[in-house]
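Structure, as structure tokens:
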Amino acid sequence: VLGHNGNLTNTDQLKSELFRQDLRHGNTNSDSEVLLNVLAHELQECAANYKLDPATIFAAVSGVHRRCRGAYAVVAMVAGYGLLAFRDPYGIRPLVFGKLETEHGTEYLVASESVALDALGYELVRDVAPGEAIFIDEDGHFYARQCALNPTLNPCIFEYVYLARPDSVIDGISVYETRLRMGESLADKIRRNHADLDIDVVIPIPDSSRPSAMQLAKRLDLAYREGFIKNRYIGRTFIMPGQAIRRRSVRQKLNAIGMEFKGKNVLLVDDSIVRGTTSREIVQMAREAGARKVFFASAAPPVRFPNVYGIDMPTREELIATGRSDDEIAREIGADQLIYQELEALIEDVQSVNPRVTSFETSCFSGIYVTGDVTQEYLDGVEAQRRDGNKQAELAATQLDLNLEVVD
1 VLGHNGNLTN TDQLKSELFR QDLRHGNTNS DSEVLLNVLA HELQECAANY
51 KLDPATIFAA VSGVHRRCRG AYAVVAMVAG YGLLAFRDPY GIRPLVFGKL
101 ETEHGTEYLV ASESVALDAL GYELVRDVAP GEAIFIDEDG HFYARQCALN
151 PTLNPCIFEY VYLARPDSVI DGISVYETRL RMGESLADKI RRNHADLDID
201 VVIPIPDSSR PSAMQLAKRL DLAYREGFIK NRYIGRTFIM PGQAIRRRSV
251 RQKLNAIGME FKGKNVLLVD DSIVRGTTSR EIVQMAREAG ARKVFFASAA
301 PPVRFPNVYG IDMPTREELI ATGRSDDEIA REIGADQLIY QELEALIEDV
351 QSVNPRVTSF ETSCFSGIYV TGDVTQEYLD GVEAQRRDGN KQAELAATQL
401 DLNLEVVD
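Residue numbers (the numbering used here): 1 to 408.
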């Protein structure tokens, strides 16, 4: 049994190797199945007399690191032996472990975020290091070993911007504190470049932007108000298939409180802008609620490039920032003014919480892919697959709405 957070960037190559060299046949298009088969093959190759010990298991993980490219945080049950967890040599996706002392001995828990440990009463021990593997055998003995050559830590910066819960600590960096500092940097940019904006109130777009919006308002000595009530039963809209579905979901997800908008110049603060669908609808909702002017601030820089390390990011043609200036994006979403965070400022904000982390995975903002194997040809192929997948998902959703059957 294997669970995996991330995305392999050499899946096709591995599938071919597994079939032609390792004599293993995959049943799905999931890269988790590919990872499982690579791990199983390496365990088989490293095992002596079909017996496994920690050294053998760690040798197998080293084999996985040699063969697999991309981002992967993995937890696996090795039947009859114990629990295995490991992280890719770049440390892109988060992975932590904790322990709990009980009357039966020490229990261990592995998770992507520290909040999972908190909720279950476990003590956070530390993050799994890039390239490291940990193994807990069936008797509860704990083992750890570095299994990669020249590992480096490059955590995905989008975890701190949006993905992670604010009460998480990832690689020694408090997500909440990071978002507070993002708000301060954004406030400084507004004071520096947009001092003429007559802002009456700062309103966050629930939920990820709240810490940034609160700190921005405090730094600029502005009123902070909750202007939108969130429907907890609607998921994240930027990963939903189909433009019409995303637009409808925004209206179902958020409802404006009219008294906070009527006759006011409002500054809306969001964690980021991806497609622009959510931003456009929210600006329109603010105007319908009576706002005199609507300014929009993003706590993250413009998202101009796809992510290939495990975030379901749209194609470049769907990203609103692709090929557009800030003023053009403001017109697209209907805002009177748009302010983006600077990438350099964002990196400084995250790094200031833990100066020992010196590098980050910033590809969706910078177009730089830390694994070094992502080519334009690869990106074109990924985007072609996503376009096809989006069409299929949109068709399926439409058929569900209309209660239609698929007819070949």
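C-beta atoms are modelled at their ideal positions from N, C-alpha and C, and glycine is treated no differently.
All figures in this text were calculated on a predicted structure; none of them were measured in a lab.
- Counting only runs of at least 4 residues, the region 305-339 fully encloses the following alpha helix (DSSP H) elements, listed from N- to C-terminal order: 326-333.
- Counting C-beta pairs closer than 8 Å gives three or more between the region 59-69 and the region 83-93, which meets the contact rule.
- The Cβ atoms of V382 and V308 lie closer than 8 Å to each other.
- For the region 96-182, the continuous beta strand (DSSP E) assignments of 3+ residues that do not extend past its boundaries occur at 96-102, 105-111, 123-127, 132-137 and 142-146, in sequence order.
- Counting only unbroken stretches of 3 or more residues, the beta strand (DSSP E) elements lying wholly within the region 62-102 are 70-78, 82-87 and 96-102, in sequence order.
- By alpha-carbon distance to N37, the top candidate from G3, K264 and F261 is G3.
- Boundaries of the beta strand (DSSP E) harbouring I229: F228 to K230, taken from the DSSP string.
- Scanning its chain for C-beta atoms nearer than 6 Å, with the 5 sequence neighbours on each side dropped, one finds around A330 the residues L338, in chain order.
- In the structure shown, I368 adopts coil according to DSSP, grouped into three states.
- Per DSSP, reduced to three states, the secondary structure at K253 is helical.
- In this structure, the beta-carbon distance from N154 to S359 falls below 8 Å.
- Rounded to the nearest angstrom, the gap between the Cα atoms of D139 and E107 is 10 Å.
- When rounded, the separation of the alpha-carbon atoms in V374 and L343 is 21 Å.
- Contact between the region 142-149 and the region 344-355 is absent: fewer than 3 CB-CB pairs across the two stretches fall below 8 Å.
- Annotation for V294: the continuous beta strand (DSSP E) segment containing it runs K293 to S298.
- Annotation: the continuous alpha helix (DSSP H) that includes I347 extends over L343 to V353.
- Here L216 really is in contact with V202; their C-beta atoms are around 6 Å apart, less than 8 Å.
- When secondary structure is reduced to three states using DSSP, K218 falls in the helix class.
- Around the beta carbon of V75, a 10 Å sphere encloses 16 or more other beta carbons of the protein chains shown; the residue is thus reported as buried.
- Pairing V125 with F97, the inter-Cα distance amounts to about 6 Å.
- Taken through DSSP and simplified to helix, strand or coil, H194 comes out as coil.
- L14: member of the alpha helix (DSSP H) spanning T11 to R20, first to last residue.
- The shortest CA-to-CA distance from P151 to any of P130, N49 and G105 is the one to P130.
- In the DSSP assignment, K189 is bridged to no other residue.
- Per the C-alpha coordinates, the member of A300, D221 and V266 positioned closest to Q284 is V266.
- In this structure, the alpha-carbon of K230 lies about 7 Å from that of N255.
- Short of 6 Å from the beta carbon of E177, and not among the five residues preceding or following it, lie these beta carbons of its own chain, in chain order: V353.
- Rounded to the nearest whole angstrom, the CA to CA distance from V78 to V61 is 12 Å.
- Boundaries of the alpha helix (DSSP H) harbouring N37: D31 to C46, taken from the DSSP string.
- Taking the CA atoms as reference points, Y160 sits about 12 Å from S212.
- Per DSSP, the beta bridge partners of V202 are Y224 and L267.
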